[in-house]
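Quick notes on the structure that follows.
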Amino acid sequence: MSETQFVIKKRIQHLRELMFSRGVKACVVLSADPHLSEYLPEHWQARAWLSGFQGSAGTLLVTPEFAGLWTDSRYWEQAIVDLAGTDIELMRAGQEGVPSPPDWLVLNLAAGDCVAVDGDTLSVAAHRQWLQVLSGSAIRLQTDLDLPGEVWADRPALPYAPVYAHASHFAGRSRADKLAAVRKEMSEKKAQWHWLSSLDDIAWILNLRGQDVAYNPVFLSHFLIGEHDARLFIDQSKIADELRRDLEMDGIVLESYDALAGVLACLPESDTLLFDPARTTAGLLSSAAFVKQCEADNPSQIMKACKTEAELAHIRETMEMDGAALCEFFAWFEEHVGKERVSELMVDERITAARARRPHFVCPSFSTIAAFNANGAMPHYQATEQSHAWIEGDGLLLIDSGGQYLGGTTDITRVVPIGTLSASQKHDYTLVLKGMIALSQAVFPKGVAGSTLDVLARMPLWQSGLEFGHGTGHGVGYFLNVHEGPQSISYRAPRAVPMQVGMVTSNEPGLYRPGQWGIRIENLIACQPARQTDFGDFLQFETLTLCPIDTRCIEPTLMTDTDRQWLNHYHGQVRQRLLPHVSGAAKNWLITRTEPL
C-alpha cells in the first residue's frame, strides 16, 4: 500500500467515526463551493482531499460499509488510476445500470436514516431533487453539517488576492449601464432585490476581476442588488480605497463576506427576492425565510453570454495574439521533438511561456492538457511530475490549452502527428475534423438551440458507429470563465437554449479509444446573423480561433470538396491574419502548415 492510499483510507475512517458520533448514516461530499463554481479554491476541495480523485467533477458518497465516487465518462480513466487501492469504488455516472447518488441511497438505506450534505455546496435546484427522491423512502436529508470540514485539520484558508477593475477600454459597457439593465429585468419580474452568488456574474456586472480561483479571474463574493442601491459581500481587505470610492459612486456598499445570511434574513416580508435556483445554494436560501421569492435565470447570464460587437473586436485581436503564440510554440516543438527528449510537462511550460510574451496576457484559462497516445483517451488528462509521458516513437499528441487576456478568453485543441501514423489514426482524425467543419458551416433559423446543432458535429462519427461522451460545445466568457452558460452544443443538455447573436461557443468534437489514443479538434465560434428571407432570420457561425489544423493527420479520401474548400479558406485566413505577428521560425512554420490541401 502506498503512502497516498494509506492517507486516503485514514481520512475516510475519520469521517466514518464522525458520522457515527452524529447519527449520520451517509455523507455526501460534492465538488462545489458556496458559489457553485466549476474551479474551486483549495478551501473547498474537500471531495478531492477525501478521495484522492483529482478530476474537477465528481461526488463522493460514504457510508459505514461503502465509499463510492461518481464521475462522468470524461474522468473514468483518470478515476481508475486515482482511486486504485483506496477502497473507494468508481461509479460510472451515466452508464446504464449505475444509479445516481440519491437513487443509490434509496436502494441501500432504511427509512429514518440520515444523509448529511453541506447545504452551502448544494444548489437550491439540486436540493429539491434530492429531497424528492429521498423523502419517498422516508430518508432524512440534513444540510447544516460540514462533516468533511470537521475532519480536515489543515484545511487551507480562504484566498485573499486583491480585486482590480477591468479597464474600461476592454470592458465596454459601464458598471452603471449593466446595473440598470439588471434592474430593468428585476422590475419586469416585480422584484425589489436580486441575489447573486455566481462569481462570473458578479465580476461581469461590476467590471471587476480577481485572482481567488485558479484560471478564472474572479473573486469570492456575494452580491445583493436593490432597486436603488447594492451590497457587495466580500473580504474588504481585497478592495483598495480608490476602487471602494468608485463602487460607492455607483451606489455599491461593501459588507463582510459572511454577512449575506443575516441580510437575507432581514429583507422585508412585503418585498420579493429574485434568485437563480441553479446558481444559489440551499444553505444560504434557508436564511431568506420571510421575503417573497421569485425564481428565474440570473438576467446577467444571457447578457454576459451575448458579447457586444466591441467585445468581439477585442476577442478577434486576442485570437491573433494567441494564434501567434501557438505558432511560436509549434515551431519550437517540431524543431525539438525527435531530436531531444520532450515531455508532456514541457509542452505546458512552453505554451504558457509563449502566451506570456504576448500583450495583455494574464494567465492560462485552464490547466493545459498535453496528452500523448493513450493519455489522450482521457479527455481531462493531467500530466504531473509523478506521472507523465515522453513524446517519442509514433502516435498522436493532443494539446488542449487556453489563455486569459484582458481582451478575451481562448480555448483551443489541436492534435499533431508524432512519427508515423496508422491508417486507423488518420481515419479517426479525419472523421472528427469533418464534424468540426460541418458545425462551423452551419446556417440555421433563429431560435434553434445548440442541442439541435450537435448532430452536425457527430454525424460523420455516428455514420461509422462511433461516439464521444462529452458535449460538443460550451459557452466561453470574456476575460472570465472558460466554461460559461447558458448555451451549449450537446444533445444531452438538460435545457435547449437557443443560439443568439454574440454568443461565443466552443466547437470541439472528439473520439477516444481507451489505451490507444484520443482526438479532439477545437475552435471557438461566434454566433452571427446570416441572412433574412421570407422564412425568417437565419444565423451562422464565425470562426474566431486562428491556428493551423494539422493536415498530415488527414485521410484525403474521406474529405469532400466542401470539406477541402472550408479548410483551405480557413488556413488562408489564419495565414493572412497571423503573418504580421510572427517572424523567423514561427513564420516559416505558419506558412508550411497553411499550405492548401
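Here the sequence shown is numbered in our numbering, starting from 1176 and rising by one per residue. Ideal Cβ placement from N, Cα and C applies to all residues, glycine included.
A distance of 9 Å or more separates the beta carbons of Glu1717 and Glu1697.
A direct Cα-Cα distance of roughly 13 Å separates Gln1476 from Met1674. Of the residues assessed, Gly1233 falls on the buried side of the cut-off, its CB having 16 or more other CB atoms within 10 angstroms. His1511 carries a helical assignment under DSSP once its states are collapsed to helix, strand and coil. The segment 1353-1363 makes no contact with the segment 1316-1334: fewer than 3 CB pairs, one atom from each, lie closer than 8 Å. Following the DSSP letters along the chain, one finds Thr1179 inside the alpha helix (DSSP H) bounded by residues 1178-1197.
Residue state for Arg1454 is assigned as coil, using DSSP reduced to three classes.
Between Leu1284 and Ser1310, the C-beta spacing is not below 9 Å.
In the three-state DSSP reduction, His1302 falls in the helix class (H, G or I).
Phe1710 is not a Cβ neighbour of Val1618, given a cutoff of 9 Å. Residue environment for Val1182: exposed (fewer than 16 other C-beta atoms within 10 angstroms of its C-beta). Between Thr1246 and Leu1265, the C-beta spacing is below 9 Å. Collapsing the DSSP output to three states places Leu1459 in a helix. Less than 9 Å separates the beta-carbon of Pro1337 from that of Ile1414. Of the candidates Asn1473, Leu1435, Cys1441, Arg1348, the residue whose Cα lies closest to the Cα of Gly1458 is Leu1435. A direct Cα-Cα distance of roughly 47 Å separates Leu1686 from Leu1439.
As computed with DSSP, His1369 is found in a beta bridge with Ile1400, Leu1449. Of the other Cβ atoms in all chains shown, fewer than 16 fall within 10 Å of the Cβ of Met1424; this residue is therefore exposed. When DSSP states are grouped into helix, strand and coil, Trp1279 belongs to the helix group.
For the pair Val1203 and Leu1225, the CB atoms are not nearer than the 9 Å cut-off. For Ala1546, the pairing in a beta bridge is given by DSSP as Leu1573. Within 10 angstroms of the beta-carbon of Gln1662 lie 16 or more other beta-carbons, which makes it buried. Comparing C-alpha distances from Glu1503 to each of Leu1422, Val1630, Arg1768 shows the shortest one belongs to Arg1768. Comparing C-alpha distances from Val1466 to each of Met1521, Leu1520, Leu1442 shows the shortest one belongs to Leu1442. For the 9 Å CB-CB criterion, Leu1520 and Ala1545 form a contact. Pairwise C-beta distances place the segment 1179-1198 out of contact with the segment 1214-1223, as fewer than three of them are shorter than 8 Å.
A contact between stretches requires three or more CB pairs, one per stretch, nearer than 8 Å, and the segment 1359-1369 fails this requirement with the segment 1479-1487.
It is roughly 34 Å from the alpha-carbon of Met1494 to the alpha-carbon of Gly1690. The beta carbons of Pro1592 and Lys1609 sit no closer together than 9 Å. If you draw a straight line from the Cα of Ala1301 to the Cα of Ala1453, it is about 8 Å long. Each residue's CA atom was taken as its position, placing Thr1318 and Val1308 some 15 Å apart. Excluding sequence positions up to five before and after Gln1715, its CB lies within less than 7 Å of the CB of Ala1617, Val1618, Gln1703, Ala1705, all in the same chain and listed in chain order. Per DSSP, the unbroken beta strand (DSSP E) holding Ser1663 starts and ends at 1659-1664. Bridge partners of Leu1487 according to DSSP: none are assigned. Taking 4 residues as the shortest admissible run, the segment 1187-1254 contains the following complete alpha helix (DSSP H) segments, listed from N- to C-terminal end: 1221-1226. Burial state of Trp1692 is buried, judged by a 10 Å Cβ sphere holding 16 or more other Cβ atoms.
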